[in-house]
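Take 214 as the starting number for the sequence shown in the numbering used here and just add one per residue. Notes follow once the structure below has been shown.
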Amino acid sequence: MQTILVVDDETNIRDLARLYLEKDGYRVITAVDGQQALDLIQQNPPTLMVLDLMLPGIDGWEVCRRLRAAHNPLPILMLTARTEDIDKIVGLEMGADDYLTKPFNPRELVARVRAILRRAGPSSSGAKADQVRQLGGVMLDPTAREVTVNGHRTPLRAKEFDLLLTLMDHANIVLSRDQLLDLVWGYEFYGQTRTVDVHIAHLRERLADSNLTIETVWGMGYKLIELPMMQATHALMKTGGLTDVVWNFEYRTFLRGKRGRGKPPTP
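In structure tokens:
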């Protein structure tokens, strides 16, 4: 049975969430503050956490920060009474996978929990869904929910993993923010396309050592591409010395659009 940790200092919120989540078949444990939540996660790791941001002592932002700093990929649905976009964006940037604004419909809470867990769990939609993806030094295993970059395991949060999987399945194809919201989040996200930008920024950091880059196509969306000639330059670097390293760096910089529209560097 999947376990949901509900963290909120309001008794009525904890009780309401427990009632509806248990009716949907989940085991529910609760915490009233951030420290208790962190202790429970260490003692009895849950499947997902519903986390209020405004908590006494250690707040929800700090709980997120500590978990992600420890590379804990626990899916997090944050609760916030604030309606400003900046608060939601900060929560997402700190590591939350989704958010729900108070007051909320408890049925929507259950629906969002289901959606997050569906995407965080192993895929069972067929051979293609289970197939390992490999591109540009990145290997993604949908069944194990693992990503390696140049042979080194790279921990990703649930939504980052799903976003990378979607981009790899649509490599060299421009996807709009709305398309990515639909493909990755799977439901209407109230037009908050900024969350796509936040997760794209995180993915770019994770892929920095690979041959892949997420290109911004202005006015249209994003496109995952494998930088051309990178595999060949890697081979040259093994025998060619510093000159090839410098040219390799300059060529990547040129391709990322940081050198303007001039000609590419000559090796």
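Virtual Cβ for every residue (Gly too), placed ideally from N, Cα, C. In this text, all values refer to a predicted model and were calculated from it rather than measured experimentally.
For this session: Whole angstroms is fine: what's the gap from arginine 231's alpha carbon to arginine 240's?
Result: Within the sequence shown, the letter at position 18 stands for residue 231. Within the sequence shown, the letter at position 27 stands for residue 240. Whole-angstrom Cα-Cα distance: 8 Å.
For this session: List in chain order: all unbroken alpha helix (DSSP H) runs of 4+ residues lying wholly within the stretch 243–297.
Result: 247–256 and 273–282
Exercise. In its own chain, which residues sit with a C-beta less than 6 Å from the C-beta of leucine 305, not counting the 5 before and 5 after it?
Worked result: Residue numbering aside, residue 305 sits at position 92 when the sequence shown is read from its first letter. Thr408 and Val411, listed in sequence order.
For this session: Sort out for me which residues DSSP pairs lysine 436 with in a bridge.
Result: Indexing the sequence shown from 1 puts residue 436 at position 223. Lysine 436 pairs with Glu428.
Problem set entry | methionine 433 versus leucine 393: straight-line alpha-carbon distance, rounded | To locate residue 433, count along the sequence shown from 1; it is residue 220. To locate residue 393, count along the sequence shown from 1; it is residue 180. Each residue's Cα considered, the two are about 12 Å apart.
Exercise. Which of helix, strand or coil does DSSP assign to valine 345?
Worked result: Position 132 of the sequence shown, counted from the start, is the residue given in the question as residue 345. In the structure shown, valine 345 sits in coil (DSSP, three-state: anything other than H, G, I, E or B).
For this session: Give a yes or no on whether the C-beta atoms belonging to leucine 425 and glycine 349 are separated by under 7 Å.
Result: Translated into the one-based positions of the sequence shown, residue 425 becomes position 212. Translated into the one-based positions of the sequence shown, residue 349 becomes position 136. Taking 7 Å as the Cβ cut-off, leucine 425 and glycine 349 qualify as a contacting pair.
For this session: For the stretch 277–295 and the stretch 250–267, state whether three or more C-beta atom pairs, one from each stretch, are separated by less than 8 Å.
Result: yes
For this session: Under 8 Å by Cβ, that's how I've got aspartate 221 and leucine 292 pegged, so tell me the actual separation to the nearest angstrom.
Result: In the sequence shown, residue 221 corresponds to position 8, counting from 1. In the sequence shown, residue 292 corresponds to position 79, counting from 1. The Cβ separation is near 7 Å, so the contact holds.
For this session: Starting from leucine 229, trace the alpha helix (DSSP H) both ways and give me its first and last residue.
Result: Looking up residue 229 in the sequence shown gives position 16. Note, leucine 229: alpha helix (DSSP H), 224–236.
Problem set entry | Cβ neighbours of aspartate 252 in the same chain (closer than 6 Å, five flanking residues each side left out) | By one-based count along the sequence shown, residue 252 stands at place 39. Around aspartate 252: no qualifying Cβ.
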